[in-house]
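*Asks:*
Right under this line is the structure:
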């Protein structure tokens, strides 16, 4: 088995077998390539998106749900981004790196909210679900169909 020695800054040597050295170096190369790819797409700037509440409750399915949503997003660098509800643009911010706002939102079904850059590339997304308070399909019957009296 062929062995490879690596010298640390301290002057010490560490010995690796060649297959292990190749595996470690290929993993490092892959992670560097992924980081470079992310930086080319601008995805490394947006670190988080939070929309609360994450669930909207309606009386029965099909009804529109109106709520005030707290939209918070943070970025490591200032960016110009827009918030979309499916394909509809809700709000845009210019050269911001931290935003926390209350927005009026209307949902009639479970929807995906996304934060997109100026080139319409999706940076991050979050799903807001709509649930019915009483679903007829699973509702329990409270009285029986027959009676003795």
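In mature numbering (1 follows the signal peptide of the UniProt record, and there is no 0), the protein residues as written are -35 to -1, 1 to 114. Think of the CB as a built atom: it goes at the ideal place given N, C-alpha and C, for glycine as much as any other residue.
Starting from the C-beta of residue 72, find all residues in its chain whose C-beta is less than 6 angstroms away, skip the five residues before and the five after it, and write them out in chain order.
*Replies:* Within the same chain, residue 72 has close Cβ partners 21, 30, 95.
*Asks:* Taking 7 angstroms as the limit between beta carbons, can you name the residues of its chain near residue 129, skipping five residues before and five after?
*Replies:* Lying before the first or after the last residue shown, residue 129 is absent from the chain, which here runs from -35 to 114.
*Asks:* Are residue 14 and residue 80 closer than 8 angstroms when you measure CB to CB?
*Replies:* A contact, by the Cβ cut-off of 8 angstroms.
*Asks:* So, is residue 36 buried or exposed, given that buried needs 16 or more other C-beta atoms within 10 angstroms?
*Replies:* Flag for residue 36 reads buried.
*Asks:* Quick one: using the 10 Å Cβ neighbour count with 16 as the cut-off for buried, is residue 19 buried or exposed?
*Replies:* Result: exposed.
*Asks:* Span of the beta strand (DSSP E) holding residue 38?
*Replies:* Where residue 38 is concerned, the enclosing beta strand (DSSP E) stretches over 30 to 50.
*Asks:* Taking only the alpha-carbon atoms, compute the straight-line gap between residue 53 and residue 85 and give it to the nearest angstrom.
*Replies:* Cα to Cα, the separation comes out at about 12 angstroms.
*Asks:* By Cβ distance below 6 angstroms, which residues in the same chain neighbour residue 91 in space, the five residues on each side in sequence not counted?
*Replies:* Hits under 6 angstroms: 14, 16, 78.
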